[in-house]
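Student: First the structure, then my questions, so here it is.
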Amino acid sequence: MKNLQKKSIFILIIGLLLNNHRIQSQNPKETEIYKWFDKNLGIESLDIKNGAAHLNFDKTINNENRYLVDNFRRGNIVYNNQNYYDLLLKYDIYRDDLILNPYDEANSTKINLHKENIKSFTISNEKFVNLTDLPTIFKGGFYEEIILKNETTLYIKYLKEKKKINRIESDLISYVPAYEFILFKDNKFNLINDKKNLIVLFPESKRKINDYFFVNRELRKENPSLFMKKLINYINN
């Protein structure tokens, strides 16, 4: 906690020296300051390194896995209202956990970060937010956030459902991708997992929606999240 307080004070002082009056976002200079401070303080001293070890003993079929992407990638986190940059992260979508590789080493212990402390994170330029106050009909947790025009935001929940495959030599696991699509429109969260939901929200675009579903059948099957991103943009244009 002391190191976290030192970091906050340090950034505040530097921010004043830079005459920076923006609170919600960091310019490139601020980002470099955060990265410099974390590097010189050491990741072992930071609040973000706290968490249980990440364990995975899955024996899967066809090299399937429980992750959004099965390797660590560089990303940023807002954790306990502090910004951390250029960390090695991986998202376990089966358990809805964000994993940190704190020492940038293949054999080092990986950490499941405390989910309740994560406001948002970014991996490969995709931003995920922790939605904690959703109505109970929704899954909740981490969603990819795509901000659109007209005060509309698309949220995508990535899921994987576990299925056991019984084989003579051993039991294997298969992970089947699933999704929850939410559209924040007219100050309300709306489930849009099927075409009917979309037509209710955009009755004036019924023909466009039907045409899009017909033309992009293969994309919907191969990449549902990209299908939905393109569809919402198509409707809004």
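For our numbering, add 6 to where a residue sits in the sequence shown, where the first one is 1. A virtual CB, placed ideally from N, CA and C, is assigned to each residue, including glycine. Note that the structure is predicted; figures quoted are calculated from it, not measured.
Quickly, what does DSSP pair Asp102 with across the bridge? List them, please.
Tutor: Partner(s): none; Asp102 has no beta bridge.
Student: Under the DSSP definition of a beta bridge, which residues are partnered with Phe190?
Tutor: Phe190 is bridged to Thr159, Phe195.
Student: Looking at the C-beta of Tyr97, does it have a partner C-beta in chain D at a distance below 8 Å?
Tutor: Of the protein chains in this structure there is only one, and it is not chain D.
Student: Put Val221 into one of helix, strand or coil per three-state DSSP.
Tutor: Of the three classes helix, strand and coil, the one that applies to Val221 here is helix, per DSSP.
Student: Since Ile105 and Asn87 should fall inside the 8 Å C-beta cutoff, what is the C-beta to C-beta distance between them, to a whole number of angstroms?
Tutor: Not really, about 21 Å apart at Cβ, beyond 8 Å.
Student: In three-state terms, what does DSSP make of Lys169?
Tutor: Strand at Lys169.
Student: Please state the DSSP three-state secondary structure of Tyr109.
Tutor: Looking at Tyr109 - three-state DSSP - the assignment turns out to be coil, as it is neither helix nor strand.
Student: Go through its chain and collect everything with a Cβ distance to Thr158's Cβ below 8 Å, but skip five positions before and after it.
Tutor: Cβ neighbours of Thr158 beyond the five flanking positions: Leu189, Phe190, Lys191, Ile238, Asn242.
Student: Do the stretch 167-181 and the stretch 139-154 touch if we need at least three Cβ pairs shorter than 8 Å?
Tutor: Segments in contact, no.
Student: Once you ignore the five residues that flank Lys145 on each side, which residues in its own chain have a CB closer than 6 Å to its CB?
Tutor: Hits under 6 Å: Lys163, Glu186.
Student: Since Tyr240 is in the alpha helix (DSSP H), which residue starts that stretch and which ends it?
Tutor: 230-242 is the extent of the alpha helix (DSSP H) around Tyr240.
Student: Measuring alpha carbon to alpha carbon, tell me which residue in Gly147, Asn156, Tyr109 is nearest Asn123.
Tutor: Taking only the C-alpha atoms, the option nearest Asn123 is Gly147.
Student: Would you grab the beta carbon distance between Val59 and Lys116 for me? Rounded to a whole angstrom, and I think it's under 8 Å.
Tutor: Checking the displayed sequence, the identity of residue 59 turns out to be Ala instead of Val. Between Lys116 and Ala59 the Cβ distance is about 7 Å, and since that is below 8 Å, they are a contact.
Student: Can you tell me whether Ile83 is buried or exposed? The criterion is at least 16 other CB atoms within 10 Å of its CB, across all chains shown.
Tutor: With 16 or more other Cβ atoms within 10 Å, it is buried.
Student: Taking the continuous alpha helix (DSSP H) assigned at Lys125, which residues delimit it?
Tutor: From DSSP, Lys125 is part of no alpha helix (DSSP H) but of the beta strand (DSSP E) over 124-129.
Student: Please name the residue in Pro141, Ser130, Asp217 whose C-alpha comes closest to that of Phe195.
Tutor: When only C-alpha atoms are compared, the closest one is Pro141.
Student: Count the other C-beta atoms from every protein chain shown that fall within 10 angstroms of the C-beta of Lys227, then say buried if there are 16 or more, exposed otherwise.
Tutor: Its Cβ having fewer than 16 others within 10 Å, Lys227 is exposed.
Student: Is the separation between the beta-carbon of Thr74 and that of Ile54 shorter than 8 Å?
Tutor: For the sequence presented, residue 74 should be read as Leu rather than Thr. No, they are not a contact pair.
Student: Between Ile143 and Leu197, what straight-line distance do the alpha-carbon atoms span, to the nearest angstrom?
Tutor: Between Ile143 and Leu197, the C-alpha separation is close to 9 Å.
Student: Taking the continuous alpha helix (DSSP H) assigned at Asn203, which residues delimit it?
Tutor: Looking at the DSSP string, the run of the alpha helix (DSSP H) that includes Asn203 is 201-207.
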